[in-house]
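Since the structure comes first, as structure tokens, the remarks are kept for the end.
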Amino acid sequence: MTNLFIDDMDGEGTSPDTSHPRFVAIAPDWFYEEDYDFAPFGSDDGSDALRGLEDWLSEHGADADPTTYLTQILTESGFEIPVDLIDAAEEELLAWAAEDDMNEAALTFDARSRVATALGQVKVTGRLSPAMLDEGRRGLRVWRSLTADTTLDPDWLYRDEALGRLTDMGTAFDVLDPRTSTT
1 MTNLFIDDMD GEGTSPDTSH PRFVAIAPDW FYEEDYDFAP FGSDDGSDAL RGLEDWLSEH
61 GADADPTTYL TQILTESGFE IPVDLIDAAE EELLAWAAED DMNEAALTFD ARSRVATALG
121 QVKVTGRLSP AMLDEGRRGL RVWRSLTADT TLDPDWLYRD EALGRLTDMG TAFDVLDPRT
181 STT
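Residue 50 in UniProt numbering is what sits at position 50 of the sequence shown, and the numbering runs on without skipping anything.
Given below as structure tokens:
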């Protein structure tokens, strides 16, 4: 039986002390910041995804496939994203986001949830399934596209910082990916 590393929300909260050593080895300090929107678990979407994943894995076990959990939270969100849009060309993705503020919110929720669930699996269990790695990368691509796009908010002061943080998350996925990792 694999131990689960569950955050103590009445104590330290999200921290290296409540994280699997494999996650600690790849996570910079800011990954643990709970009120930092650019951290994997810092936004409401990311935090909710992690807390829910902890509960879900506690119920289903460390070996359960978190893609089932991810599908559940994306379905229950109430957001309606067209089928295949997450994998569409960036231009199509951004055009849909620009049509309505709710579209951008839906894509942001979806992207952050995918990234948080993938990194959350490593944080809680020390493992990252190939399917969750792919979901995390899909979410990261969308999140990066939305962040880099200057048409919705051309003067956003935090764009470079946010893009740097997304690059760091991509690096974490690279390290965790047996197809690209040199470790």
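Where a beta carbon is used, it is the ideal one built from N, C-alpha and C, also for glycine.
- Non-local beta-carbon contacts of phenylalanine 5 in its own chain, meaning distances under 8 Å to residues more than five positions away in sequence, involve Thr18, Ser19, His20, Phe23, Lys123, Val124, Thr125 and Gly126 in chain order.
- Among the bridge pairs identified by DSSP, glycine 13 is matched with Asp8.
- Tyrosine 158 sits exposed, since fewer than 16 C-beta atoms from the chains shown fall within 10 Å of its C-beta.
- Under the Cβ criterion (8 Å, minimum of three pairs), the stretch 108-115 counts as touching the stretch 35-55.
- Ranked by Cα distance from threonine 14, the first of Thr2, Asn3, Ala25 and Asp29 is Asp29.
- With respect to the 8 Å criterion, threonine 108 and leucine 163 are not classified as neighbours on the basis of their beta carbons.
- Put simply, the stretch 89-97 does not touch the stretch 33-41. Fewer than three CB pairs are less than 8 Å apart.
- Taking C-beta separations shorter than 7 Å and ignoring five residues to either side along the sequence, the partners of glycine 170 in its chain run Leu140, following chain order.
- For the 8 Å CB-CB criterion, aspartate 110 and valine 142 form a contact.
- Considering only Asn3, Ala95 and Ala27, the residue with the shortest C-alpha distance to phenylalanine 173 is Ala27.
- Taking 8 Å as the cut-off, the Cβ atoms of arginine 144 and leucine 166 count as close.
- Taking C-alpha positions only, leucine 70 is separated from proline 154 by approximately 32 Å.
- The alpha-carbon of histidine 60 is positioned some 12 Å away from that of threonine 2.
- Looking only at Pro82, Pro178, Ala131 and Pro16, the smallest Cα-Cα distance to glutamate 104 is reached by Pro82.
- Counting along the chain, alanine 116 sits inside the alpha helix (DSSP H) bounded by residues 101-125.
- Tryptophan 56 sits buried, since 16 or more C-beta atoms from the chains shown fall within 10 Å of its C-beta.
- Excluding five sequence positions before and after alanine 64, the CB atoms of its chain that fall closer than 8 Å to its own CB belong to Trp56 and Leu57, given in chain order.
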